[in-house]
Amino acid sequence: EAGVVQSPRYKIIEKKQPVAFWCNPISGHNTLYWYRQNLGQGPELLIRYENEEAVDDSQLPKDRFSAERLKGVDSTLKIQPAELGDSAVYLCASSPSTSGGRQKTDTQYFGPGTRLTVL
Amino acid sequence: ELKVEQNPLFLSMQEGKNYTIYCNYSTTSDRLYWYRQDPGKSLESLFVLLSNGAVKQEGRLMASLDTKARLSTLHITAAVHDLSATYFCAVDGAGNQFYFGTGTSLTVIP
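Note that the protein sequences, when read in sequence, are chains A and B.
The opening position of the first sequence corresponds to residue 1 in this note's numbering, with each subsequent residue numbered one higher.
The opening position of the second sequence corresponds to residue 1001 in this note's numbering, with each subsequent residue numbered one higher.
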């Protein structure tokens, strides 16, 4: 079974430019997460989707970040315009169930991430 | 906001030795996860701990959970070089949101 797929793996842009990341979760997984991981730190949640609905976006900097999950499968995360401080690894994860139908052993499965460098 | 702290942050140990990584968290939760991350790679799930007193073992790693003390431990037995990585614990907060610890960077020296 294929894991979580992300692209691109690496992206280098100049500040003030836009950038977009794409994620394809594990087939059948209803919940999708976007995390940002700064160097030497643990991942921090940006947004969580249950199917196509964003149910937690409290940590998403809404002035420049946006996300969508059309049809409840693939998702894109966009930054416009990018700032120097946005340099990080952006991780996508998925899990089988929504919070309303939690399975006891649910865990999150992570993609390889997109390493963003803003110059 | 739920806070998760790990210690030590950095650990250098010799092959064959034993050591324990600690994960403390600030609020009630009955689910805790351990992940491994190799340099430049994504996170790999190691253990899922779902109740007080849960203990899971895989090879040279053993994880335990004490929900009353809000503490989980990851014990390494007879370390080998292949275990060198960064280890994260994550606590399941409200609404299936994971809060990750700061990570413990483990280096096993021959």
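Ideal Cβ positions, reconstructed from N, Cα and C, are used throughout, including at glycine.
Short CB-CB distance (under 8 Å) between residue i and chain A
i	result
F1154 (chain B)	Any question about residue 1154 (chain B) goes unanswered here, given that chain B covers just 1001 to 1110.
Y1033 (chain B)	yes
S1042 (chain B)	yes
S1084 (chain B)	no
S1026 (chain B)	no
S1045 (chain B)	yes
Contact set between residue i and chain C, taken where Cβ atoms lie within less than 7 Å
i	result
T1102 (chain B)	The question asks about chain C, but that chain is absent: this structure's protein chains are A and B.
The beta strand (DSSP E) enclosing residue i, as first and last residue numbers
i	result
S20 (chain A)	Sequence check: residue 20 (chain A) is Ala here, not Ser. Start and end: 19-24.
A1063 (chain B)	1061-1066
K11 (chain A)	10-13
E1044 (chain B)	1043-1049
V4 (chain A)	V4 (chain A) -> no beta strand (DSSP E), and no H or E assigned at all.
N1024 (chain B)	1019-1025
E1015 (chain B)	E1015 (chain B) -> no beta strand (DSSP E), and no H or E assigned at all.
A1002 (chain B)	A quick correction: the sequence has Leu, not Ala, at residue 1002 (chain B). Unbroken run through L1002 (chain B): none, as it is neither H nor E.
K78 (chain A)	75-79
H29 (chain A)	Note, H29 (chain A): premise wrong, no beta strand (DSSP E); not H, not E.
L45 (chain A)	44-50
R1031 (chain B)	Element bounds for R1031 (chain B): n/a, residue is neither H nor E.
R115 (chain A)	114-118
Helix, strand or coil at residue i according to DSSP, with G and I counted as helix
i	result
H1081 (chain B)	helix
I70 (chain A)	The sequence given here places Leu at residue 70 (chain A); Ile does not occur at that position. DSSP places L70 (chain A) in helix when its eight states are reduced to three.
D56 (chain A)	strand
D86 (chain A)	helix
E1058 (chain B)	strand
A93 (chain A)	strand
L39 (chain A)	coil
Q108 (chain A)	coil
Q1097 (chain B)	coil
T1104 (chain B)	strand
D1038 (chain B)	coil
A1090 (chain B)	strand
Within-8 Å CB hit, residue i to chain B
i	result
F110 (chain A)	yes
G113 (chain A)	yes
D56 (chain A)	yes
L91 (chain A)	yes
L32 (chain A)	no
S76 (chain A)	Residue 76 (chain A) is actually Thr in this sequence, not Ser. So no, T76 (chain A) is outside the interface.
L45 (chain A)	yes
T107 (chain A)	yes
Requested in this report: Can you give me, in chain order, the residues of the segment 1048-1075 of chain B that have a beta carbon less than 7 Å from any beta carbon in chain A?
Outcome: For the segment 1048-1075 of chain B, the set of positions with a beta-carbon nearer than 7 Å to some beta-carbon of chain A reads V1048, L1050 in chain order.
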